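For reference, the structure discussed in these notes is given below.
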Amino acid sequence: MQSRVTLGTWPTPVEPAPRLAAAIGLRPGDLWVKRDDLTGLGAGGNKIRKLEWTIGAALAEGADTVVTTGAPQSNHARLTAAAAARTGLDAVLVFPGVPGTSRSGNLALDGLFGARVAWAGDAGPDGLAAAAARVARQLQHQGRRVAVIPFGGSSSLAARGYAECGRELLDQVPDLRTAVVAVGSGATMAGLVAAIGADRVLGVDTGAIPDPLPTVASFASEAGGTLVTSAQLAVRRDQVGGGYGDYPAQAAAALQLAARTEGLVLDPVYTARALAGLAAAVRDGQVAAGQRTVFVHTGGLPGLFGHAAAIEQAQHGLEQFPLDMKRRHGKA
Ligand SMILES: Cc1ncc(COP(=O)(O)O)c(C=O)c1O
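This is the structure we're talking about:
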């Protein structure tokens, strides 16, 4: 039996984005934004839908502690910490690196939610998974009942949360042609594919895993109960740049464009790349004007405040207004 626990506020809204649409070459009525940044708990974001299933499973197994992995600025780790606080679980987050290398953004919220951090040093993906297993064993020796939530919160179980998002979208935007979404560890795109079909989802890879196609295909197949192959999936790989730590010029431009056309705040790692991918898809004809397009905003705002380059560029764009000190009220 699979148990889901409600953690977010559903359904999330969809909003028109006519000025952004026109700015990227679509018609003003073409583009809508699915506001999955407004999921409620812990400052919001896509990971809540997945955690409803994975935290639900942890509670059903009788766990009292959850352990998960990610980068120090992981949105998934922050929302795991928030979900643990909400459901009365302890959370231990396993990050690469050493204490003191990062102090703002998601990491600050992790502390606020009461999570503990285990720093794994110079660990790659396998080393991080091994460190999480070690942390789990240590906790078990202390008598804790531990559930390990996979990297990025992604599994076929977690993808069910995004199948639900896909069903919401079909209700809200019945003439949907393409939903555009950032791809990290894969379950978000996979759930959408399971609900609305591979031909209506365009993923934009952010470089979290070496090749997301087989991962997305396998999560989508298991979550939807119908075989999905890598060949059926549309994933753009042109926005990865130098990976997570990098802030490519197209992503920076997309982040500024969304803010200045719609007052919509993206994050530098995922949603800015996804919008840059959508703009590129319009330019090369993969997404055409006149077709209903939904940009799935998956959240990540706290990550902006933990990203030195993005904050530096945003503040650099702050134009000065020259205040005229000579003019006085009431005088010509
Ligand atoms: C803000 C944001 N958007 C999108 C994603 C990608 O989701 P997934 O890992 O399910 O592919 C992530 C993953 O970390 C994220 O934090």
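Using the numbering used here, the letters of the sequence shown correspond one by one to residues 19 to 350. The beta-carbon is built from N, C-alpha and C at its ideal position, and this holds for glycine as well. Bear in mind the structure is a predicted one, so any value in this text is a computation, not a measurement.
Just to confirm, does residue i get its C-beta within under 8 angstroms of one of the non-hydrogen atoms of ligand 3?
{"i": "threonine 206", "result": "Ligands in the displayed structure: ligand 1; ligand 3 is not one of them."}
Output the boundary residues of the alpha helix (DSSP H) element that contains residue i.
{"i": "phenylalanine 237", "result": "230-242"}
{"i": "lysine 68", "result": "65-78"}
{"i": "threonine 295", "result": "Residue identity differs from the one stated: residue 295 is glycine in this sequence, not threonine. Where glycine 295 is concerned, the enclosing alpha helix (DSSP H) stretches over 289-301."}
{"i": "histidine 159", "result": "143-159"}
{"i": "valine 211", "result": "205-214"}
{"i": "leucine 44", "result": "That residue, leucine 44, is in no alpha helix (DSSP H); it is neither H nor E in DSSP."}
{"i": "glutamine 274", "result": "267-280"}
{"i": "glutamate 337", "result": "Premise fails: glutamate 337 is in no alpha helix (DSSP H) and is neither H nor E."}
{"i": "tyrosine 180", "result": "174-190"}
{"i": "alanine 103", "result": "93-105"}
Is residue i a contact residue of ligand 1, with contact defined as CB to any heavy atom under 8 angstroms?
{"i": "aspartate 285", "result": "yes"}
{"i": "arginine 86", "result": "For clarity, residue 86 is threonine in the given sequence; the question names arginine instead. Not so, every heavy atom of ligand 1 lies at least 8 angstroms from the Cβ."}
{"i": "alanine 200", "result": "yes"}
{"i": "threonine 57", "result": "no"}
{"i": "glycine 170", "result": "yes"}
{"i": "lysine 65", "result": "yes"}
{"i": "lysine 344", "result": "no"}
{"i": "tyrosine 288", "result": "yes"}
{"i": "alanine 241", "result": "no"}
{"i": "serine 173", "result": "no"}
{"i": "threonine 316", "result": "yes"}
{"i": "aspartate 123", "result": "In the sequence under discussion, the amino acid at residue 123 is glycine, which differs from the aspartate named in the question. No, Cβ of glycine 123 sits at least 8 angstroms from all heavy atoms of ligand 1."}
{"i": "lysine 52", "result": "no"}
{"i": "alanine 226", "result": "yes"}
{"i": "serine 2", "result": "Any answer about residue 2 is impossible in this case: the structure gives the chain only from 19 up to 350."}
{"i": "histidine 94", "result": "yes"}
{"i": "leucine 120", "result": "Sequence inspection shows serine at residue 120; the leucine mentioned does not correspond to that position. It does not: the Cβ of serine 120 is nowhere closer than 8 angstroms to a heavy atom of ligand 1."}
{"i": "glycine 15", "result": "Because the chain spans 19 through 350 in this model, residue 15 falls outside it and cannot be assessed."}
{"i": "serine 203", "result": "yes"}
Rounded to the nearest angstrom, what separates residue i and residue j at their Cα positions?
{"i": "glycine 179", "j": "histidine 334", "result": "38 angstroms"}
{"i": "alanine 350", "j": "glutamine 338", "result": "Note on alanine 350: pLDDT 47, under 50, position unreliable in the model; the coordinate value appears next. Approximately 24 angstroms, taken between the alpha carbons."}
{"i": "alanine 181", "j": "phenylalanine 313", "result": "16 angstroms"}
{"i": "alanine 271", "j": "alanine 78", "result": "44 angstroms"}
{"i": "asparagine 64", "j": "glutamine 160", "result": "33 angstroms"}
{"i": "isoleucine 73", "j": "histidine 94", "result": "12 angstroms"}
{"i": "alanine 138", "j": "lysine 68", "result": "25 angstroms"}
{"i": "valine 287", "j": "glutamate 70", "result": "23 angstroms"}
{"i": "alanine 76", "j": "proline 228", "result": "28 angstroms"}
{"i": "glycine 225", "j": "alanine 200", "result": "10 angstroms"}
{"i": "alanine 150", "j": "tyrosine 262", "result": "21 angstroms"}
{"i": "alanine 249", "j": "alanine 216", "result": "10 angstroms"}
{"i": "alanine 252", "j": "alanine 197", "result": "11 angstroms"}
{"i": "alanine 136", "j": "valine 153", "result": "8 angstroms"}
{"i": "proline 31", "j": "aspartate 342", "result": "43 angstroms"}
{"i": "leucine 293", "j": "alanine 39", "result": "11 angstroms"}
{"i": "tyrosine 265", "j": "arginine 310", "result": "29 angstroms"}
{"i": "isoleucine 42", "j": "glycine 317", "result": "21 angstroms"}
{"i": "glycine 308", "j": "aspartate 302", "result": "15 angstroms"}
{"i": "threonine 279", "j": "alanine 297", "result": "14 angstroms"}
{"i": "proline 36", "j": "proline 29", "result": "22 angstroms"}
{"i": "alanine 101", "j": "lysine 344", "result": "55 angstroms"}
{"i": "isoleucine 214", "j": "glutamine 190", "result": "13 angstroms"}
State the beta-bridge partners of residue i as determined by DSSP.
{"i": "histidine 315", "result": "Arg53"}
{"i": "arginine 254", "result": "Val222"}
{"i": "tryptophan 137", "result": "Phe113"}
{"i": "threonine 86", "result": "Leu111, Ile167"}
{"i": "threonine 196", "result": "Thr311"}
{"i": "valine 201", "result": "Asp223"}
Within the continuous beta strand (DSSP E) that includes residue i, where are the two ends?
{"i": "arginine 22", "result": "Here arginine 22 belongs to no beta strand (DSSP E), and DSSP marks it neither H nor E."}
{"i": "alanine 306", "result": "Premise fails: alanine 306 is in no beta strand (DSSP E) and is neither H nor E."}
{"i": "glutamate 33", "result": "32-34"}
With a threshold of 9 angstroms between beta carbons, is residue i in contact with chain C?
{"i": "proline 34", "result": "Annotation note: the requested chain C is absent from the structure, which comprises a single protein chain."}
At least three beta-carbon pairs within less than 8 angstroms, the region 219-226 to the region 243-250:
no
Segment contact flag, the region 109-116 with the region 131-139, C-beta cutoff 8 angstroms, min 3 pairs:
yes
If we count Cβ pairs, one from each stretch, closer than 8 angstroms, do we get three or more for the region 319-330 versus the region 198-211?
no
Pair every Cβ in the region 161-175 with every Cβ in the region 231-239, then say whether three or more of these pairs are closer than 8 angstroms.
yes
Taking one C-beta from the region 250-258 and one from the region 278-285 each time, how about it: are there three or more such pairs within less than 8 angstroms?
no
Any chance the region 290-306 sits against the region 86-100, with 3 or more Cβ pairs inside 8 angstroms?
no
Closer than 8 angstroms is the cut-off here; do at least three beta carbon pairs connect the region 114-123 with the region 45-54?
no
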